[in-house]
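By numbering that gives the first Met the number 0, the letter at position 37 of the sequence shown is numbered 36, and the numbering carries on one by one without gaps. C-beta atoms are modelled at their ideal positions from N, C-alpha and C, and glycine is treated no differently.
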Amino acid sequence: MELSLFVVRQKENEPLKEYMQRFNAATLEVPSATQGVKASAFSQGLLDGDFFKSLTKKPVSKFDALLARAAKYINMEDA
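As structure tokens, then:
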């Protein structure tokens, strides 16, 4: 059920990379979820941080685009 994606939340002090991995694992259980639903659920589960702020300034509607942007922020975290 697509609603199960909306309960996946980024944990306090959890790096974006780990949250993305957990969220991606959850999406495998909901193959019917659309790109838009996945993007919305992922965004709503984020803690307030640089990546969240970037999404509020320039939202994305496709999950693939969101993952591509998240990868850039993950690379900055890992640097």
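Local Cβ density within 10 Å of residue i, reported as buried at 16 or more and exposed below that
i   : result
L65 : buried
Q9  : buried
G48 : exposed
Cβ pair residue i, residue j closer than 8 Å
i   : j   : result
K37 : T55 : no
L4  : A69 : no
A40 : V7  : yes
E1  : V29 : yes
Where the alpha helix (DSSP H) containing residue i begins and where it ends
i   : result
R21 : 15-27
V36 : 34-43
Rounded straight-line distance, which links the Cα of residue j to that of residue i
i   : j   : result
Q20 : K57 : 23 Å
G35 : D77 : 28 Å
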